[in-house]
Amino acid sequence: MQGRLYEASASIYDDEARILFDYFSKAADDIIKKEDEVHAKIDGAKEQLAEQEKARRGTRIKSLVFLVLAIALCVYCAIDFGLTTTYTYVSFGIIAIVLIAGLVACNGAKGKVASCKAELASCEKDYADIRREYKVSRLGVAYVPIAKKVPFGNQNVTVDLSGSVDEEDFELVTMNDPSAFEADADDFKKVFASVPVVEGGEARDIDTSDYSVSMQETPVYEYVDKVEKAADRLNDDLTNVERTSVSIPIIPPQSENMAFLKNFGADETGDLPVIDIFDTSSIDSRLDIFYSIYKNRQENRNTGDEKALESLIRFIGVSTQTLTTAKLNCCSAILDYNNGLFANVLKSPYNNYSAKLEAETIDEIRAMNFNFADMTETYRPFKFKESSMMKFDLYSNCWVDETGTRSMLPFSMHQIQVDIFMPIINALMEENRIERRKIYEKVQEQKLGYLNKWHTETQDFYGRNRDTADQLKTNIIEAISTYNASYATWKAIKDTIAQMDAQQSLLGGEVKTEDTAASMVLSAEQVNQNFKALEEDFESYMERLQDDIDEKADAFGTVTFFEAYLYASEAQKAVNANSNISKMGPRELKIANVSPYLAQYGTIPPQPSVEDELMQSLGIDLADEAEELIRSVHAADAGDVPYMDEESVVDVDESLGDGLIFPDEEDVIPPFVEDESGEEEDKD
Numbered sequence: 005m006q007g008r009l010y011e012a013s014a015s016i017y018d019d020e021a022r023i024l025f026d027y028f029s030k031a032a033d034d035i036i037k038k039e040d041e042v043h044a045k046i047d048g049a050k051e052q053l054a055e056q057e058k059a060r061r062g063t064r065i066k067s068l069v070f071l072v073l074a075i076a077l078c079v080y081c082a083i084d085f086g087l088t089t090t091y092t093y094v095s096f097g098i099i100a101i102v103l104i105a106g107l108v109a110c111n112g113a114k115g116k117v118a119s120c121k122a123e124l125a126s127c128e129k130d131y132a133d134i135r136r137e138y139k140v141s142r143l144g145v146a147y148v149p150i151a152k153k154v155p156f157g158n159q160n161v162t163v164d165l166s167g168s169v170d171e172e173d174f175e176l177v178t179m180n181d182p183s184a185f186e187a188d189a190d191d192f193k194k195v196f197a198s199v200p201v202v203e204g205g206e207a208r209d210i211d212t213s214d215y216s217v218s219m220q221e222t223p224v225y226e227y228v229d230k231v232e233k234a235a236d237r238l239n240d241d242l243t244n245v246e247r248t249s250v251s252i253p254i255i256p257p258q259s260e261n262m263a264f265l266k267n268f269g270a271d272e273t274g275d276l277p278v279i280d281i282f283d284t285s286s287i288d289s290r291l292d293i294f295y296s297i298y299k300n301r302q303e304n305r306n307t308g309d310e311k312a313l314e315s316l317i318r319f320i321g322v323s324t325q326t327l328t329t330a331k332l333n334c335c336s337a338i339l340d341y342n343n344g345l346f347a348n349v350l351k352s353p354y355n356n357y358s359a360k361l362e363a364e365t366i367d368e369i370r371a372m373n374f375n376f377a378d379m380t381e382t383y384r385p386f387k388f389k390e391s392s393m394m395k396f397d398l399y400s401n402c403w404v405d406e407t408g409t410r411s412m413l414p415f416s417m418h419q420i421q422v423d424i425f426m427p428i429i430n431a432l433m434e435e436n437r438i439e440r441r442k443i444y445e446k447v448q449e450q451k452l453g454y455l456n457k458w459h460t461e462t463q464d465f466y467g468r469n470r471d472t473a474d475q476l477k478t479n480i481i482e483a484i485s486t487y488n489a490s491y492a493t494w495k496a497i498k499d500t501i502a503q504m505d506a507q508q509s510l511l512g513g514e515v516k517t518e519d520t521a522a523s524m525v526l527s528a529e530q531v532n533q534n535f536k537a538l539e540e541d542f543e544s545y546m547e548r549l550q551d552d553i554d555e556k557a558d559a560f561g562t563v564t565f566f567e568a569y570l571y572a573s574e575a576q577k578a579v580n581a582n583s584n585i586s587k588m589g590p591r592e593l594k595i596a597n598v599s600p601y602l603a604q605y606g607t608i609p610p611q612p613s614v615e616d617e618l619m620q621s622l623g624i625d626l627a628d629e630a631e632e633l634i635r636s637v638h639a640a641d642a643g644d645v646p647y648m649d650e651e652s653v654v655d656v657d658e659s660l661g662d663g664l665i666f667p668d669e670e671d672v673i674p675p676f677v678e679d680e681s682g683e684e685e686d687k688d
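In my numbering, the protein residues as written are 5 to 688.
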């Protein structure tokens, strides 16, 4: 391929023909352009010459006319006043002035005409001097290297020499101590050869504040510590490397630059001259480094180092992921088992009754309000039946009553509450029951008196407020009516005064009173609606206030029946806790398996804080990450790289190549032309 300069050309010969055509076309256009410019100047000079000739003739005529008039004036003065008078002398002076001025004007016009003729002659000479004969004496072709092909594996890359392409970075990484890396890799594999079921007791704390504020430090035991240290040694070996980097301007195969080279570039130049106009010394030195990178890569493939490193990457990913998953599962299983044991231990101090067999007693406890007025006649100390107690089946983790019915959540009461507190409270309350009843009745009577007085004063206060509001409403409506009447009178007087001012007379001063009844009704209705809204808001506020007063009155009027409260309050809490299981959170539900009462009324420590970064780290599958890393490396080796050229393969042992050659357009244009006399003249 010889290359070409134009898209429509089939070869370099078409380019030469087109260059000649363009050259002569440009010369013809240049001749026509210059002739047009000189023609325009000649036409302008001729027009200017004609104008100056016309002006010179006019100047001559004017001079003769003024001279004749001056002579006539002189003759007239000589006849009337004589030759020796002052008037005659003045007439002769005028004749002399007119004569001198005419000569000066005529000479000036003559000079302008001569200047126009000289300019016209110069333009005609320029027109005759225009170059009209062009001839090509020599035409040549020269090539300029702008790109070079460099081998890389079984493919090649194209390097730009013109400096118009961005550079790509390549890097060679070499371990400084490969023997130490091999030894540490063997030690790492030995660590995973045998994994202990139970780790040793020696531990060290590591900082975990970045993952959880609640757990600033976490202990790491013997085996995991050994794995971590082995991995750290491998990391140190892999970071102890020597890096050799190089930047090369590579042309991607699918780029516009590569398409341009394929369409217009030449692979061979034959005997035609090649002109190196780009400095490639820096690129040549960088290409040596680039080729050494390729040779090092080939050596690694031949010796099997890449396969060994891939095997190590897979081993690290799979082993670490397996160890991490197993440790997490073991820790979770141990924690769940310990929680189950602890839950069974916590169940031991409770008496667990069948909710089905004790349904009547449980409903009675739930309905208690511990008010003396409501419970003084109906209260009787309850007692759970021994036959309704349930036994715990350790194997099924269920509670079983005497009928064989199983339940996961029985009704639980603490043994201290059932066996100690409740009997003691019942016995103590029986000792002074009559005296305590009298005190209850007296307190209740006093509270009822206070409440009656409170309600009376409240109702009186409400009544006065309503009367005041109604009176205020009436007063405002009357004030609005008075205002409307006064406004109507003022408006009538104002209109009368305006009418008198307009007529400049007192005769038109008739006061016209407008009927404002409709407007007064509308105003009153508007005020009525506003006050109705305010009244509704006020009544709503008073109702809320009344509800609050009634609520506080009920609370104040309640006389706590301590005999029932001390005996059954904890039992009622247990009943309510069983009813609120569906409303508990996930942490409370775990405790509800032991006791709903403990889950609802116990103090639970705050939930540990865990950062999102921890969950993201735990979600990473190291085995998949290792395989993905190896696949990406293989994809690069397979040629899935944007700067690899698969169409033209270069032998690995071949030199760095002669490069792609492109015809130099400036050198193809004929540098010399010959005029008619045969003398050579530079085109430019």
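Yeah, the Cβ is synthetic: ideal placement off N, Cα and C, and Gly gets one too.
Please read all numbers here as calculations on a predicted model, not as lab measurements.
- Residue 605 sits in a helix when the DSSP states are folded into three classes.
- Contact check between the segment 251-262 and the segment 159-167: three or more CB pairs, one atom from each, fall below 8 Å, which counts as touching.
- The beta carbon of residue 223 is closer than 6 Å to those of 207 and 209 in its chain, skipping five residues each way along the sequence.
- Residue 172 and residue 281 have their C-alpha atoms some 23 Å from each other.
- Setting aside the 5 residues that flank it on each side, residue 246 is surrounded in the same chain by 178 and 180, each with a C-beta closer than 7 Å to its C-beta; the list follows chain order.
- Short of 7 Å from the beta carbon of residue 494, and not among the five residues preceding or following it, lies no beta carbon of its own chain.
- Taken in chain order, the complete alpha helix (DSSP H) segments of 4 or more residues contained in the segment 207-250 are 226-243.
- DSSP places residue 417 in the strand class (E or B) of the three-state scheme.
- By the neighbour-count criterion, in which 16 or more other beta carbons inside 10 Å mark a residue as buried, residue 120 falls on the buried side.
- Residue 406 sits in coil when the DSSP states are folded into three classes, being neither helix nor strand.
- In the three-state scheme derived from DSSP, where H, G and I count as helix and E and B as strand, residue 275 is classed as coil.
- For residue 324 against residue 626, the beta-carbon gap comes to about 5 Å, under 8 Å, which counts as contact.
- Under the three-state reduction of DSSP, residue 178 is assigned to strand.
- Assigned with DSSP and collapsed to three states, residue 289 falls in helix.
- For the 8 Å CB-CB criterion, residue 191 and residue 234 form a contact.
- Ranking 217, 343, 456 and 200 by CA distance to the CA of residue 613 puts 217 first.
- Between residue 287 and residue 163 a beta carbon distance of about 6 Å is seen, short of the 8 Å cut, so the two are scored as contacting.
- About 12 Å separates the beta carbon of residue 418 from that of residue 357, a gap too long to meet the 8 Å contact definition.
- Below 8 Å, too few C-beta pairs join the segment 33-41 and the segment 98-107 to call them touching: fewer than three.
- Inclusion of residue 131 and residue 42 in the CB contact set at 8 Å is warranted, their separation being smaller than that value.
- Looking at the DSSP output, residue 397 sits in a beta bridge with 402.
- One thing to note: residue 346 has its Cβ no nearer than 8 Å to the Cβ of residue 565.
- Rounded to the nearest angstrom, the Cβ distance from residue 365 to residue 396 is 21 Å, too far for a contact under 8 Å.
- Within the same chain, Cβ atoms closer than 8 Å to the Cβ of residue 415 are found at 356, 357, 358, 359, 362, 366, 578, 579 and 582, the five residues on either side in sequence being excluded.
- Contact between residue 140 and residue 276 fails: their C-beta atoms lie close to 19 Å from each other, not under 8 Å.
- Beta-bridge analysis with DSSP links residue 161 to 154.
- The bridge partners DSSP lists for residue 411 are 403.
- Counting other Cβ atoms within 10 Å of its Cβ, residue 560 stays below 16 and is therefore classed as exposed.
- If you draw a 10 Å sphere on the C-beta of residue 599, you find 16 or more other C-beta atoms in it, and that means buried.
- Closest in alpha carbon position to residue 126, among 465, 409, 46 and 150, is 46.
- CA-to-CA, the gap between residue 409 and residue 389 works out to about 16 Å.
- According to DSSP, residue pairing for residue 357 in a beta bridge involves 393 and 415.
- Setting aside the 5 residues that flank it on each side, residue 331 is surrounded in the same chain by 228, each with a C-beta closer than 8 Å to its C-beta; the list follows chain order.
- Between residue 465 and the set 571, 297, 336 and 546, the nearest pair of CA atoms involves 546.
- Rounded to the nearest angstrom, the gap between the Cα atoms of residue 337 and residue 202 is 14 Å.
- Shown here for residue 569: same chain residues with a beta carbon closer than 6 Å to its own, the five before and five after excluded, namely 374 in chain order.
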